[in-house]
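I have placed the structure first, in the form of structure tokens, so that the comments after it can refer back to it.
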Amino acid sequence: MDATEIRDPKSLPGTGNKSEGSLIKQTFPVLGMTCAGCAASVESMLSHTDGVKSAAVNFAANTVLVEYTKGTTPESLQKALQSVGYDLIVDAEDPSAAQDEARLEHYLKVKKQTIGAAILTLPIVVFGMFFMDWEPGRWISLVLSVPVLFFFGRDFYIHAWKQARNGKANMDTLVALSTGIAFIFSVFNTLFPEFWHARGIHPHVYFEAATVIIVFISFGKLLEERAKSGTSEALKKLMGLQPKTLKVVVDGVEKELSIAEVQVGNEILVRPGEKIPVDGRVISGDSYVDESMISGEPVPVLKKAGEKVFSGTVNQKGSFHFIAEKVGKETLLSQIIQKVQEAQGSKAPVQKLVDKIAGIFVPTVILISLLTFGVWMVVGGEDAFTHGLLTSVAVLVIACPCALGLATPTAIMVGMGKGAENQILIKDAESLELGHRVNAVILDKTGTITEGKPTVASVQWAESSGQSSVGSEQSTVHRPHSTHGETYPAVDSVQTSLRATEERSNLDSATAFSSPPSGGWGVQQILLALESKSEHPLADAVVKYLKEKGVQPSSLQGFESLTGRGVKGKVEGKSYFVGNQKMLLENGIAITADLEAEAKVWSERAQTVIWFADETRSLTILGIEDQIKPSSRSAIQKLQKSGVEVYMLTGDNRQTAAAVAKQMGLTDFRAEVMPADKAEFVKELQSKGKIVAMVGDGINDSQALAQADVSIAMGHGSDIAMDVAKMTLITSDLEKVPQAFKLSTLTVNGIKQNLFWAFIYNIIGIPIAAGILYPINGFLLDPMIAGAAMAFSSVSVVLNSLRLKGRTL
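Take the position in the sequence shown, starting the count at 1, then add 20; the result is the number in the numbering used here.
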């Protein structure tokens, strides 16, 4: 597919309530999901609803992408979910705002529950640990435990019931079961201690174990809700790129309309600095338009009659009229928004490791507890009931999910902190858990591998007298403090590029020609004056370069912009030109063979050549390029050495892409790609079984970032890219990418170790708690000791997680 085909919005699917044949695709906000198990339940329930072809839940964004037939209504989908305790937002005027409001309310609710539970649990822990035999302490603990479990912790029991009703079990099930049994057992021991005294057993209470579990798990959920609270910001900012109003021209009269009122065929006026409101085609006027949101390239594109323009792009200094061709949900910007939504929602819900384990572990523990009680009732003799009750409770207590619940979040929290110390911001656990498995990395070129800012990379000045040859001029090239000129040939490697940059920075700020032309005006001052008035986007790079050298602009007697060619102006009656080579040839200006040969070399190395000339001959050429970041090459080499395939995608032309790829040692790259093409390439790699990481910095990367398994944004990039991405590199240093993957490896290893410590106590403790040693030596594990073992396993998990702080990336 060539660049024209890619750039045509017709090649992209529609948006919004997208209809494909007899099917409709729509994204709905979901309420009531609290874990990956809930996401699976929502997806399963909708998938089995009449008329639904598929449903994909995005748990991080609390949304579901549903593909359903036209005969199915959103209200029927809503009723199906309401029947199992969840809800869809289908009738709100602004569903996104309604979801944000509901999410905020839920976050504040969880925060209040966690704080309230923690305040009441503190005295319970004090009584349980230091005043366990103080009779009033038991009654106080009983009273304080009721609101902790059944008010602040009520959601655990509600969600556990929902799961049980659907024949499923998750962490909420184990939390509700273990805390409920511990509470009921403790209440019984408090109300009827004589039952145990009569059997020679001192009754213990476990109010502190039950309430501490609620507090710890609630705190984990609070952290999770906080992490998810900003997931919708990216789409809001994308939507904000489209202006709310626009100016249409009817019979020569300007009229302001809202964006919702514009229709295909309207003539629209765009003034300097305004955003283009809809897609269309220019009919009069011309200007440069910043299309970086589409191509990722920092250099604005010249738009004149017949050229296409796209919604959300930004006009520069000129003004023009265009005819609206696509409006509303058909614009390219709307399509990007829709594709980001679909990419986020199309990924299968990631089942958290702990929830997967809990799905097996929970019913297993329940079965062992019941089996323990049953065996004791059969073979326990006189004290069968007493021993059976104590051992079955001990099994549930020692299998408490506290350590299991802490295993992942503690490692993730420490990993995120370690990342922040190394300027790697991680927004969610999924990307940190998945990073170590990445085997394909896609890099955007502009702003990711390169700086994303056009700069003057090469300059060759001609002698003012015209007597010196270019060869003699080059004899002064490598003397950094020469006052005659400078030349920096295009680089063959990153090291050469950096060396050239350092040399340029050391040049005398007052560099000028020894013999200024035309009555003493310095040629650099004339060049600066012309470029200061030019609307061409590359002129800014020249202006910045000259001003940094201390050059002051001369006064121009006349100035003219030659669209598509360059600019010209007069100084003391003599004309000067700045622009492309074609402009010089059209004006009969002589071009020296040496300058022409040098310009050809620069062009082959992806530099844009700007010519400066007077009425008779060329005076100067300047090469403009997007500098490669110092660390890009080494970072790519590290990824390649670790077995990761590295690809480069760019909206830039093939020649420039090839030059950068060669310098980076990359053999696989794609040029002239559109946002949708980047996302499709991610899908292509994923279809081959690759775990794909996308690294980008622009709006044009947001769709691919959303589609990738691991998404990484450069810190200087657009807010939208950083919002969509799950990781952000504060320094925009590519060296941080391999560091992020190493951090993922260390974190995942920590999680696995934590799960080992969380389970080793269960593997050893559950059989002992069940009474396996009783036939051998008469030993029965006291539930109080079981609770202590559980607490120690939690401490082990936390301490092991903290070890990550001392590791180097």
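Quick reminder that beta carbons are idealized off the backbone N, C-alpha and C, glycines included. Everything numeric in this text was worked out from a predicted model, so none of it was measured.
Is the region 653-662 touching the region 673-689 in the sense that three or more CB pairs, one from each, lie closer than 8 Å? yes
Just list the residues that DSSP pairs TRP396 with in beta bridges. Its beta-bridge partners do not exist; DSSP assigns none.
Helix, strand or coil for HIS222, going by three-state DSSP, please let me know. coil
In this structure, what does DSSP give as the bridge partners for MET603? DSSP, once it has assigned bridges, lists no residue as partnering MET603.
If contacts are defined as beta-carbon pairs under 8 Å, then ASP717 and ALA733 qualify, I think. What distance do you get, rounded to the angstrom? 6 Å
Integer Cβ distance of SER198 from LEU416, believed to fall under 8 Å: 5 Å
What separation, rounded to the nearest whole angstrom, lies between the Cα atoms of ILE648 and PHE689? 16 Å
Candidates GLY589, ALA561 and ASP560, of which the one nearest SER574 by Cα: GLY589
Hey, would you say VAL298 sits closer than 8 Å to VAL282, going by beta carbons? yes
Using the C-alpha atoms, what's the distance from LEU97 back to PHE48? 10 Å
Roughly how many angstroms lie between the CA atoms of ILE234 and LEU169, to the nearest whole one? 7 Å
Report the three-state DSSP secondary structure of ALA728 (helix, strand or coil). coil
Hey, ASP843 and PRO474: beta-carbon distance below 8 Å or not? The question about residue 843 has no answer, for the chain in this structure spans 21 to 829.
Report the three-state DSSP secondary structure of VAL284 (helix, strand or coil). coil
Judging by CA-CA distance, which residue of LYS99, SER74, VAL166 and GLU551 is the nearest neighbour of THR89? SER74
Entirely enclosed alpha helix (DSSP H) segments - the region 132-200, minimum 4 residues: 155-167 and 174-185
Classification of THR670 by the beta-carbon crowding that lies within 10 angstroms, buried from 16 upward: buried
Beta-bridge pairing of PRO49 - partner residues as DSSP gives them: THR83
Report the rounded CA-to-CA distance for GLY586 versus GLN675, giving the unit in angstroms. 22 Å
Cβ-based burial, LYS264 [other Cβ within 10 Å; buried from 16]: exposed
Put PRO536 into one of helix, strand or coil per three-state DSSP. Residue placement at PRO536 is poorly supported in this model, since its pLDDT is 36, which falls under 50; the coordinates still yield a value, given next. DSSP places PRO536 in coil when its eight states are reduced to three.
For GLN102, report the span of its alpha helix (DSSP H) as first-last. 94-102
Taking the alpha-carbon positions, what's the GLY52 to VAL104 distance? 10 Å
When DSSP builds the beta bridges, which residues end up paired with TYR596? GLY589 and ASP634
DSSP bridge partner residues for SER581 (one or two, in chain order): VAL587
8 Å CB neighbourhood of GLN577 in its chain, flanking five on each side removed: GLY589, LYS590, VAL591, GLU592 and GLY593
When the Cα of GLY91 is compared with those of ILE357, LEU128 and LYS45, which residue comes out closest? LYS45
Assuming LEU548 is part of the beta strand (DSSP E), what are its boundary residues? Not the beta strand (DSSP E): LEU548 falls in the alpha helix (DSSP H), residues 543-553.
As an exercise, report each continuous beta strand (DSSP E) stretch of at least 3 residues that is fully enclosed by the region 400-478, in chain order. 444-446 and 460-464
Nonlocal neighbours in the same chain, by C-beta distance under 7 Å from ALA789, ignoring five residues either side: THR411, ALA414, VAL415, ILE418, LEU801 and ALA806
Taking the CB atoms as reference points, tell me whether THR583 and ASP306 lie closer together than 8 Å. yes
For GLY293, count neighbouring Cβ atoms within 10 angstroms of its own Cβ and tell me buried if that reaches 16, exposed if not. exposed
Can you name, in chain order, every residue of its own chain whose Cβ lies under 6 Å from the Cβ of PHE227, other than the five neighbours on each side? ILE144, SER161, SER165 and SER206
In whole angstroms, what is the alpha-carbon distance linking GLU287 and HIS556? 26 Å
Just the Cα atoms here: how many angstroms apart are MET714 and ARG637? 48 Å
Can you name the residues that DSSP bridges to ALA75? VAL86
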